[in-house]
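*Asks:*
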Amino acid sequence: MGETARHYYLRKHNLAKAYINGTGCISPQNSIDSDWFFDEVHSPKGDYFEAIEPSYKDFIAPNLLRRMGRAIKMGVAAGNIAIQQAGVKNVDAIVTGTGLGCFEDSERFLLAILDNDEQFLTPTSFIQSTHNTVGSQIALIMKCHDYNFTYVHRGFSFESTVQDALMLFDEGKDTILVGGIEEHTPNYILLNRKANKFQVREPDMPIWMSEKRGIQMSEGAAFFVLSRNKTQSSLACINGIQTLYKPKNSEDILKKLHMFLSSHRLTLSDMDVALMGFSGDLIFDEKLKSLLPEIEKETTAGAFKNVCGEYHTATAFAMWTATKIIERQQLPKVLAISAKLPSKIKYVLIINQYLDINYSFTLVSQC
Amino acid sequence: MDALIEKLKGQIIEQLNLAEVKPEEINPDSPLFGEGLGLDSIDALELIVLLEKHYGIKIQDPKDGKTIFQSLRTMAEYIKSQGKS
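Going down the list, the sequences are from chains F and S. Counting in our numbering, the first sequence runs from 33 upward without gaps. Counting in our numbering, the second sequence runs from 898 upward without gaps.
(1) Excluding the 5 residues preceding and the 5 following residue 377 (chain F) in the sequence, name in chain order all residues of the same chain whose CB lies nearer than 8 Å to its CB.
(2) Which of helix, strand or coil does DSSP assign to residue 342 (chain F)?
(3) Specify, as a first and last residue, the run of the beta strand (DSSP E) that residue 400 (chain F) falls within.
(4) Just list the alpha helix (DSSP H) runs in the stretch 134-165 of chain F, keeping only unbroken ones of 4 residues or longer that don't cross its boundaries, in chain order.
(5) Span of the alpha helix (DSSP H) holding residue 220 (chain F)?
(6) Please tell me whether, using a cut-off of 6 Å, the distance from the CB of residue 898 (chain S) to the nearest non-hydrogen atom of the ligand HEM is below it.
(7) Using 10 angstroms around the beta-carbon of residue 274 (chain F), count the other beta-carbons present and answer buried if the total reaches 16, otherwise exposed.
(8) Three or more C-beta pairs closer than 8 Å, one from the stretch 166-186 of chain F and one from the stretch 87-107 of chain F: is that the case here?
(9) Looking at chain S, is there any beta carbon in it that lies within less than 7 Å of the beta carbon of residue 225 (chain F)?
(10) Closer than 7 Å, CB to CB, is residue 919 (chain S) near chain F or not?
(11) Rounded to whole angstroms, what is the Cα-Cα separation between residue 155 (chain F) and residue 338 (chain F)?
(12) Would residue 939 (chain S) pass as an interface residue toward chain F - the criterion being a Cβ-Cβ separation below 7 Å?
(13) Quick one: complete alpha helix (DSSP H) runs, 4+ long, within the stretch 309-381 of chain F?
(14) Does the separation of the CB atoms of residue 335 (chain F) and residue 310 (chain F) fall below 7 Å?
(15) Scan the stretch 77-114 of chain F and note each continuous alpha helix (DSSP H) run of 4 residues or more that stays entirely inside, going in chain order.
(16) What did DSSP end up calling residue 946 (chain S) once you bin it into helix, strand or coil?
(17) What do you reckon, are the CB atoms on residue 225 (chain F) and residue 314 (chain F) nearer than 7 Å?
(18) Using only alpha-carbon positions, find the residue among S:974, S:930 and S:978 that is nearest to residue 899 (chain S).
(19) If contact means a Cβ-Cβ distance below 9 Å, which residues of the stretch 135-156 of chain F contact chain S?
(20) Output, in chain order, the set of chain S residues within a Cβ distance shorter than 8 Å of residue 94 (chain F).
(21) Leaving out five residues before and five after residue 928 (chain S) in sequence, what residues of the same chain have Cβ atoms less than 7 Å from its Cβ?
(22) Using the C-alpha atoms, what's the distance from residue 277 (chain F) back to residue 157 (chain F)?
(23) Within 10 angstroms of the Cβ of residue 351 (chain F), are there 16 or more other Cβ atoms? Answer buried if so, exposed if not.
(24) Where do the N-terminal and C-terminal ends of the beta strand (DSSP E) with residue 392 (chain F) fall, by residue?
(25) Per DSSP, residue 230 (chain F) forms a beta bridge with which residues?
(26) Does DSSP put residue 120 (chain F) in a helix, a strand or coil?
(27) In chain S, which residues lie with their C-beta within 7 Å of the C-beta of residue 260 (chain F)?
(28) Which residues does DSSP pair with residue 184 (chain F) in a beta bridge?
(29) Name the DSSP bridge partner or partners of residue 269 (chain F)?
(30) Considering only the alpha carbon of each residue, which of F:96, F:59, F:65 and F:206 lies closest to residue 122 (chain F)?
(31) How many Å lie between residue 957 (chain S) and residue 972 (chain S) at the Cα?
(32) Check whether chain S comes within 7 Å of residue 102 (chain F), counting only Cβ atoms and requiring the distance to be less than that.
(33) How about the stretch 227-234 of chain F and the stretch 246-258 of chain F: do they share at least three Cβ pairs that are nearer than 8 Å?
(34) Counting C-beta neighbours from all protein chains within 10 Å, is the total for residue 216 (chain F) 16 or more, i.e. buried, or is it exposed?
(35) Kindly indicate if chain F contains any beta-carbon less than 7 Å away from that of residue 943 (chain S).
(36) So with Cβ pairs under 7 Å, would you call residue 360 (chain F) a contact of chain S?
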């Protein structure tokens with residue numbers, strides 16, 4: 033189903049909520065540790081934020097591990113943690129999203145073509161290079177023979193997985209694993225650096241006030257076990273999600289945001305926290321900067337890319353953060369843009385932008 | 898023959914990314930598939946490419962693979978028999 037058709041479907045059918053029963057997150061922070069809550073925050077090394085990876089032997093069998101690239105390892109490990117937390121043995125669907133897919137294996141396969149003059153090509157890196165490898169590896173490990181889909185929609189990749197999950201619940205599925213995965217390789221970083229796509233941020237300059245060009249590219253994987261019905265282990269709830277392609281200006285975003293919230297019978301003033309996807313790039317953040325005063329009039333604004341960096345599926349990290357904020361009933365100071373912190377947190381709104389092209393609203397609440 | 902077996906051990910470890918396996922742990926007479934190293938069908942394709950890339954040997958009949966890749970020693974013997982060691 034295309035983007036427009038999915039929008040139409042989601043608007044026409046007032047879809048049910050999705051309850052988050054388990055989460056797993058690998059990021060440039062220590063998010064792999066379920067007790068970590070922004071108490072110790074790592075800074076990027078220069079212009080690039082590298083994911084902190086766990087010992088994968090704890091999550092993946094050695095005979096499988098030897099063939100996996102980093103994206104697959106991160107995805108399988110994060111998925112595994114989410115499933116364990118949710119306490120489920122299997123799921124009815126696995127839906128993953130990735131902007132670049134298994135980049136390391138794609139590069140390895142293409143380099144082998146060049147280095148060996150299109151000969152002696154081995155199957156492993158080709159098999160592992162396809163974007164849907166993460167979802168399929170999880171399915172193989174779990175022996176899940178049900179629905180398995182991967183969205184490769186640039187800055188909407190993760191959002192598409194959540195939209196699909198909401199529609200699948202509408203069709204009768206009960207438990208769904210969704211996740212966003214991104215990895216980068218030294219070559220990709222080098223090329224982007226040469227193209228001046230990165231910036232080294234000044235430590236004292238808040239990301240939402242940056243006046244420089246360039247982002248801090250990053251990577252990671254965040255997975256969620258979603259269920260149609262509330263369970264004892266439900267941590268938070270996804271009320272809705274909406275994507276917005278190339279909005280004209282901040283007024284356009286605000287108008288769509290009001291419409292999105294009113295479709296849930298809510299207003300901006302009902303939001304306790306609004307996590308905004310400031311990337312640190314002067315141009316890409318321009319519309320969010322204009323939007324910020326309007327947001328701050330009604331609620332507490334926060335950021336998240338100052339701790340996770342920028343990547344296609346950064347919304348997955350934001351959703352993990354929103355779940356944690358609701359669980360802990362606290363907005364960590366490192367994320368706060370507004371001076372006044374909320375005393376209770378029922379609704380967390382994520383307003384993301386990717387390269388000023390892909391915008392999205394995700395509404396997460398207490399359940 | 899022993900030198901070829903040692904060389905093959907290193908090449909197999911590298912090609913199949915057997916980072917956990919040390920050359921001395923590979924018994925040249927143990928089966929490569931199922932038991933022993935526990936390789937699978939994807940590894941078989943990797944080994945076919947290894948023979949072609951490093952020794953210039955093309956396995957014409959896939960049925961021969963079962964005999965050739967029985968163990969490290971049978972692989973080495975096959976390479977010798979092709980005069981490519």
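Each residue gets a CB set at the ideal place from its N, CA and C atoms; glycine is no exception.
*Replies:* Looking at the coordinates:
(1) 304, 305, 357, 358, 361, 362, 363 and 398
(2) strand
(3) In the structure displayed, chain F extends from 33 to 399; residue 400 (chain F) sits before or after that span and is not available.
(4) 135-147 and 155-161
(5) 218-226
(6) Among the ligands in the structure shown, none appear at all, so the ligand HEM cannot be discussed.
(7) buried
(8) yes
(9) Closer than 7 Å: no.
(10) no
(11) 39 Å
(12) yes
(13) 318-330, 337-340 and 346-360
(14) yes
(15) 94-97
(16) helix
(17) no
(18) S:974
(19) 148, 151, 152, 153, 154, 155 and 156
(20) 917
(21) Same-chain partners within the cutoff: 967 and 968.
(22) Take the alpha-carbon of residue 157 (chain F) and the one of residue 277 (chain F): they are about 34 Å apart.
(23) buried
(24) 390-397
(25) Looking at the DSSP assignment, residue 230 (chain F) forms a beta bridge with F:247.
(26) Assigned with DSSP and collapsed to three states, residue 120 (chain F) falls in coil, not helix or strand.
(27) Here the premise fails: no neighbours, minimum Cβ distance about 37 Å.
(28) In the DSSP output, where bridge partners are listed per residue, residue 184 (chain F) has none listed.
(29) Answer is F:51 and F:397.
(30) F:206
(31) 15 Å
(32) no
(33) yes
(34) buried
(35) yes
(36) no
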